[in-house]
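Here's the structure, in structure tokens; my notes come after.
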Amino acid sequence: MKGRALVVLWLAVVWVALWGAPSVPNLVVGVGLGVLLALRYPLRGFPPVARPRAVLYLGVTFAVDLVASSLEVAREVLSRRPRLREGIVAVPIHCPTRVLGMLVANMVSLTPGTLTVDVADGGRTLYIHVLRLRDPGAVRASVQALERRAVAAFGTREARQAVREPPTRGAG
Amino acid sequence: MSVLDAIGGTLMVAGAALSLLAAIGLHRFPDVFARMHAATKPATLGLVLLVAGAAAVVEQGSVGLKLGLAAALQFITAPVASHMVGRSAYRSGTPLSPDTVLDELAGRSGRPDRPPPEPPAAGDAGIA
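Residue numbers (the working numbering), protein chains in the order written: chain F, 385 to 556; chain H, 63 to 190.
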């Protein structure tokens, strides 16, 4: 219910922002449309919990990552001869809900050197393209660290326990 | 010229420069997947900087709201778009560049085993 209210709020904000002028009729129509869409397309597992400090930590590390990854690509672009070692690495993740898995997959694409190319096993494995591959194990470790930060910010208690367990497949 | 104008201008130039680098990366990188890296990260940060610069220069609050929405939508859509392009490229058998050293997705995605047909030799088509 709380998740649905957040969806309605977000859609209302988008609507008002698109019109560019916050007014009462805009707000009423935006909320109405939001309610209709939230009822028609329910999102299961949409943030049931959000821990402010963990969310802040996730946001700050993500911002740093985005800047670092942009500079890394920029350096490759400007180098006289780009020296890439590309590779596709399978990374098992443990996110219990699709919304969390999607968040991790999307954030991976904006962090240095990694890009989600495919998702398999019902969202349990991410296939990640790496621009400068040195050590597949390090890629898995950094993606799983990102997953832990995301779950710490938005996951349920069970989810946090699930990501704390040692990876069962494909590690090493 | 106010301090805000200076900040806004600096941010916008930095954002435009990053967008330019992203475009050059699209041209220079060797395969679809490397190009998607260029199209996703610097392009996103470039747009965020442009939007932040514009918000510093423009004085109406409602414009700021629209600019914020543009940045938020970029964060939501850019990774999805690059994921979709990369996935369909992989599954349709687009060749990986010779710089590729590892492919753990091989044999797991319905990618055709045979290589895709050779492109027509230069000179056959009017556009080479």
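Just so you know, even glycine gets a beta-carbon here, dropped at the ideal spot from N, CA and C.
Values in this document were obtained by computation on a predicted structure and should not be read as measured data.
Q) To the nearest angstrom, how far is it from the Cα of L517 (chain F) to the Cα of G77 (chain H)? A) 28 Å
Q. Relative to chain F, which residues along the segment 159-171 of chain H have a C-beta separation below 9 Å, given in chain order?
A. S159, D161, T162, V163, L164, D165, E166, L167, A168, R170, S171
Q. Skipping 5 residues on each side, what residues in its chain have a beta carbon closer than 7 Å to that of G539 (chain F)?
A. Excluding residues within five positions, the ones whose Cβ falls inside 7 Å are L484.
Q. With 9 Å set as the bound, which would you pick, yes or no: does the beta-carbon of G148 (chain H) sit closer than that to a beta-carbon of chain F?
A. yes
Q: State the Cα-Cα distance for the pair V163 (chain H) and A133 (chain H), rounded to the nearest angstrom.
A: In this model, V163 (chain H) and A133 (chain H) are separated by some 35 Å (Cα to Cα).
Q) Between the segment 109-118 of chain H and the segment 483-503 of chain F, are three or more C-beta pairs nearer than 8 Å? A) no
**Q.** Spatial neighbours of L417 (chain F) in its chain, beta-carbon cut-off 7 Å, leaving aside the 5 residues before and after
**A.** L395, W399
(Q) Looking at chain H, is there any beta carbon in it that lies within less than 9 Å of the beta carbon of I477 (chain F)? (A) no
Q: Evaluate M98 (chain H) with the Cβ neighbour count: other Cβ atoms within 10 Å of its Cβ, from every protein chain shown; 16 or more gives buried, anything less gives exposed.
A: buried
Q. How far does the beta strand (DSSP E) with I472 (chain F) in it reach, from first residue to last?
A. 470-476
Q: Sort out for me which residues DSSP pairs I86 (chain H) with in a bridge.
A: Per DSSP, none; premise fails for I86 (chain H).
Q: Take A116 (chain H) as the anchor and find which of H:A105, H:L129, H:L82, H:P104 has the nearest alpha-carbon.
A: H:L129
Q. Is any heavy atom of the ligand SAM found at a distance shorter than 8 Å from the C-beta of G497 (chain F)?
A. In the structure on display, the ligand SAM does not appear, and there are no ligands present to speak of.
Q: Look at the alpha carbon of L402 (chain F) and the alpha carbon of L131 (chain H), and state the distance between them as a whole number of angstroms.
A: 8 Å
Q. Does the distance from the CB of A489 (chain F) to the CB of P104 (chain H) come in under 9 Å?
A. no
Q) Using 8 Å as the threshold, is the segment 149-168 of chain H in touch with the segment 116-126 of chain H, meaning 3 or more CB pairs across them? A) no
Q: List the residues of chain F that A76 (chain H) touches, going by C-beta distances under 7 Å, in chain order.
A: Within chain F, no residue comes near A76 (chain H); the closest Cβ sits about 10 Å away, beyond 7 Å.
**Q.** Contact list for G87 (chain H) against chain A, beta-carbon separation under 9 Å
**A.** Reference to chain A is not applicable here, since the protein chains of this structure are F and H.
Q | Distance, P520 (chain F) Cα to I69 (chain H) Cα | A | 41 Å
Q. Which residues, in order along the segment 92-116 of chain H, keep a beta-carbon less than 9 Å from a beta-carbon of chain F?
A. Residues passing the 9 Å Cβ filter: P92, D93, F95, A96, M98, H99, A100, T102, K103, P104, A105, T106, L107, G108, V110.
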